[in-house]
Amino acid sequence: ATGGKRKNPSRNKGRSQPKTSQASRIGDQNLSEQKQACKKHELYVSFRELGWQDWIIAPEGYAAFYCDGECSFPLNAHMNATNHAIVQTLVHLMFPDNVPKPCCAPTKLNAISVLYFDDSSNVILKKYRNMVVRSCGCH
Amino acid sequence: CALGDNHVHSSFIYRRLRNHERREIQREILSILGLPHRPKPFSPSKQASSAPLFMLDLYNAMTTEDAEEDTLLETTGKAISLNTLGSSRKNQHSAPYGYSRAPVAWTSQSPPLATSHDANFLNDADMVMSFVNLVERDRDFSHQRRHYKEFRFDLTQIPEGEAVTAAEFRIYKDHSPGRYENVTLKVSIYQVIKEYQNRDAETFLLDSKKIRASDGGWLVFDITATSNHWVLNPQQNMGLQLCVETMDGRSINMKSAGIIGRNGPQSKQPFLVAFFKASEVLLRSVR
Numbered sequence: 575a576t577g578g579k580r581k582n583p584s585r586n587k588g589r590s591q592p593k594t595s596q597a598s599r600i601g602d603q604n605l606s607e608q609k610q611a612c613k614k615h616e617l618y619v620s621f622r623e624l625g626w627q628d629w630i631i632a633p634e635g636y637a638a639f640y641c642d643g644e645c646s647f648p649l650n651a652h653m654n655a656t657n658h659a660i661v662q663t664l665v666h667l668m669f670p671d672n673v674p675k676p677c678c679a680p681t682k683l684n685a686i687s688v689l690y691f692d693d694s695s696n697v698i699l700k701k702y703r704n705m706v707v708r709s710c711g712c713h
Numbered sequence: 579c580a581l582g583d584n585h586v587h588s589s590f591i592y593r594r595l596r597n598h599e600r601r602e603i604q605r606e607i608l609s610i611l612g613l614p615h616r617p618k619p620f621s622p623s624k625q626a627s628s629a630p631l632f633m634l635d636l637y638n639a640m641t642t643e644d645a646e647e648d649t650l651l652e653t654t655g656k657a658i659s660l661n662t663l664g665s666s667r668k669n670q671h672s673a674p675y676g677y678s679r680a681p682v683a684w685t686s687q688s689p690p691l692a693t694s695h696d697a698n699f700l701n702d703a704d705m706v707m708s709f710v711n712l713v714e715r716d717r718d719f720s721h722q723r724r725h726y727k728e729f730r731f732d733l734t735q736i737p738e739g740e741a742v743t744a745a746e747f748r749i750y751k752d753h754s755p756g757r758y759e760n761v762t763l764k765v766s767i768y769q770v771i772k773e774y775q776n777r778d779a780e781t782f783l784l785d786s787k788k789i790r791a792s793d794g795g796w797l798v799f800d801i802t803a804t805s806n807h808w809v810l811n812p813q814q815n816m817g818l819q820l821c822v823e824t825m826d827g828r829s830i831n832m833k834s835a836g837i838i839g840r841n842g843p844q845s846k847q848p849f850l851v852a853f854f855k856a857s858e859v860l861l862r863s864v865r
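Those protein sequences? They're chains W and A, same order as listed.
575 is the number of the first residue of the first sequence in this note's numbering; add one for each residue after it.
579 is the number of the first residue of the second sequence in this note's numbering; add one for each residue after it.
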């Protein structure tokens with residue numbers, strides 16, 4: 575669902591700009607920080623909309639969530655960044671063309687349970703561990 | 579919660595999907611659920627019961643436990659055990675798919691879910707399955723003039739990599755008024771070892787319970803070892819036999835003993851429930 579957003583050209587402008595002085599770059603990055611800090615976004619998977627009511631008893635769907643956003647310098651507390659991400663950011667500042675920034679990824683995952691009929695009408699209650707994002711951070 | 583619910587129910591299908599897109603999404607999510615295809619059970623109203631309402635109870639307990647664990651972990655960093663199951667009953671999840679649940683009838687009569695014994699299995703379980711009772715032949719008299727019920731469950735449907743940690747056979751007994759009012763009965767469950775054409779099957783006693791005939795409620799028999807044996811040797815699964823006797827060994831007709839069989843209300847039909855623990859990390863098949 576976020577596909578369109580990822581392709582918008584203004585977002586790439588930072589990268590294709592000719593090299594500028596350090597100060598203007600920091601200004602740039604402030605701008606990128608305003609753009610979208612790394613955070614958890616909502617994606618609700620609806621079993622009902624998939625037409626699965628005849629075999630899934632519960633739930634009607636689940637909030638799947640996903641992580642998206644920038645991990646740019648400076649990484650501050652609200653980004654829930656790992657120590658490794660800070661090192662990754664510093665090295666990226668030194669070799670921007672070779673070393674990528676840290677990426678926005680899940681830091682904690684939750685389990686969900688699904689109750690459904692199988693082909694023989696037995697009932698299965700299954701717990702899917704590490705299934706749903708609980709929090710995101712920069713890695 | 580209601581507000582949260584509305585907020586959460588944003589539709590993820592923003593526009594009418596083309597058929598192949600919908601199929602792709604379904605296939606992707608089925609593979610997340612670890613299912614090769616979408617099951618096509620025959621309609622619930624026609625099927626023999628596999629105790630969906632009991633399983634819904636377990637589902638509620640499991641999801642409430644997860645939610646409480648999350649909030650508690652966030653606030654104190656400590657995990658809790660399922661002993662708080664009792665409290666979990668208050669947050670009953672409504673049955674969304676047309677299961678008319680009479681909460682009073684079922685929950686007050688439902689199997690003793692909140693025993694710590696069950697709670698431990700549920701805590702550890704990655705999966706719980708309740709099985710459809712495939713066959714039930716009431717033989718009023720066997721060759722040795724014994725009343726008994728037969729039950730058979732197909733345990734070959736268990737997904738690979740799952741090991742049985744516990745299995746129970748549950749059957750409901752109504753209080754039986756009349757001539758057995760003050761009698762103590764012994765209800766026994768046997769595993770059928772070998773069947774013969776013209777004489778009683780060879781059986782092995784698994785468990786038995788002494789109850790007053792005037793009592794009513796769920797009887798729970800532990801058949802973990804037998805279930806594991808059937809999973810490993812499906813060809814030796816010849817089902818179970820249940821019989822009721824007085825203390826002096828006289829066999830009693832099921833109906834007069836108040837045992838509810840396949841023809842009882844769906845919420846009281848006998849079923850087998852098994853708890854599983856994944857014995858290996860299941861990886862999604864690479865496509």
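Using N, Cα and C, we set each Cβ at its ideal position, and we do this for glycine too.
- Within chain W, the residues W626, W629 have their CB atoms less than 7 Å from the CB of R616/A, given in chain order.
- Look at P614/A here: in three-state DSSP terms it is coil, with no helix or strand label.
- Contacts with chain W (Cβ-Cβ distance below 8 Å) from the segment 731 to 759 of chain A involve D732, Q735, listed in chain order.
- Residues of the same chain with a CB within less than 8 Å of the CB of Q847/A, apart from the 5 flanking positions on each side, are A626, S627, A629, N711, Y750, I838, G839, R840 in chain order.
- Using a C-beta cut-off of 8 Å, the segment 655 to 663 of chain W makes no contact with the segment 691 to 706 of chain W, since fewer than three inter-stretch Cβ pairs fall below that distance.
- Using a Cβ-Cβ cut-off of 8 Å, F691/W counts as an interface residue toward chain A, since at least one Cβ of chain A sits closer than that to its own.
- Counting other Cβ atoms within 10 Å of its Cβ, T804/A reaches 16 or more and is therefore classed as buried.
- Within chain W, the C-beta atoms nearer than 7 Å to that of Y637/A come from A632, S687, L689, L699, in chain order.
- In this structure, the CA atom of L613/A is about 9 Å from the CA atom of I607/A.
- Counting along the chain, H615/W sits inside the beta strand (DSSP E) bounded by residues 613 to 615.
- Following the DSSP letters along the chain, one finds K787/A inside the beta strand (DSSP E) bounded by residues 780 to 790.
- Proximity of chain W to T641/A at the Cβ level (cut-off 9 Å) is accounted for by A632, P633, I686, S687, in chain order.
- Per the coordinates, the alpha-carbon of L818/A lies some 30 Å from the alpha-carbon of D628/W.
- Listed in chain order, the positions of the segment 813 to 831 of chain A with a beta carbon within less than 9 Å of a beta carbon of chain W would be empty, since no residue qualifies.
- Take T781/A, set aside five residues on each side of it, and the residues of its chain with a beta-carbon closer than 7 Å to its own are Y768, Q769, V770, I771, Q819, in chain order.
- Neighbourhood of N696/W in chain A, by CB distance below 7 Å: S628, M707, S708, F709, V710, Q735, in chain order.
- Using a 10 angstroms sphere on the CB of V713/A, the tally of other CB atoms stays under 16, which defines it as exposed.
- Of all residues in the segment 781 to 815 of chain A, none is placed with a Cβ closer than 9 Å to any Cβ belonging to chain W.
- Residue pairing by DSSP puts Y618/W in a beta bridge opposite A637/W.
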